[in-house]
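Colleague:
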């Protein structure tokens, strides 16, 4: 399914530059040096189907703590994220994330109303990296809709398209975006397929059986209709 957009969309790089293709050695694998985490709003796009503007900004570990804490303690979120806990637990989670160069959190909004939380990561040094032949600039993401008013098929598809669009715009060398939803949740896999992802295989994490989804840059833009 393609999506029609109302011009325009933006991806703000916050004075970041494309990092040179040099490597360091982390715990898991060689990979390029990653750019600093972005700040502020990174993406905005008017969606003609939903009739609203979808945007994303980098999470503020202090200002957004109560929002993050409330969403993670919703039972329907916790069943997938397993992050229910105290404010102190969540403050520590966001602090550690801010110190990790391979991942950062994003708050999404529709027409400025906070809606969901996403984590954008570099796949090669992520937990997913050892389970497939990861390329240097593969990206991946996790996401949730925390605002119950914003649940629904069209907004979910808009979110899937938009986070994928952002990741392709953010790094021109990214050829693939990957995902690892629970293999027991076919609706999430179907949403991915509707925006250009394909299921490659199933595999076992220590905590779940997952489906490996891959979205190729060319396939995404054929589906997206931007």
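Residue numbers (the UniProt record's numbering): 1 to 226.
Positions of the beta carbon are idealized from the N, C-alpha and C atoms, including for glycine.
As the structure is a computational prediction, the values presented were derived from the model and not from experiment.
Is residue 92 buried or exposed, if buried means 16 or more other CB atoms sit within 10 Å of its CB?
Modeller: Residue environment analysis places residue 92 among the exposed positions, since fewer than 16 neighbouring C-beta atoms fall within 10 angstroms of its C-beta.
Colleague: Mark residue 4 as exposed unless 16 or more other C-beta atoms lie within 10 angstroms of its C-beta, in which case mark it buried.
Modeller: Confidence at residue 4 is low in this model, with a pLDDT of 29, below 50, so its placement is unreliable and the value that follows should be read with caution. It is exposed - the Cβ of residue 4 has fewer than 16 other Cβ atoms within 10 Å.
Colleague: Could you compute how far the alpha carbon of residue 192 sits from the alpha carbon of residue 160?
Modeller: 7 Å
Colleague: Over the uninterrupted alpha helix (DSSP H) stretch that includes residue 211, give me the two end residues.
Modeller: Residue 211 -> not in any alpha helix (DSSP H); beta strand (DSSP E) instead, spanning 209-216.
Colleague: Per DSSP, what kind of secondary structure is residue 203 in: helix, strand or coil?
Modeller: strand
Colleague: Since residue 104 sits in a beta bridge, which residues does DSSP pair it with?
Modeller: DSSP, once it has assigned bridges, lists 120 as partnering residue 104.
Colleague: Does DSSP put residue 157 in a helix, in a strand, or in coil?
Modeller: helix
Colleague: Taking the alpha-carbon positions, what's the residue 151 to residue 145 distance?
Modeller: 7 Å
Colleague: Ignore the nearest five residues each way along the sequence and tell me which others in residue 196's own chain have a CB closer than 6 Å to its CB.
Modeller: The beta carbon of residue 196 sits closer than 6 Å to the beta carbons of 215, 219, 220 and 223 from its chain, once the five residues preceding and following it are set aside; these are given in chain order.
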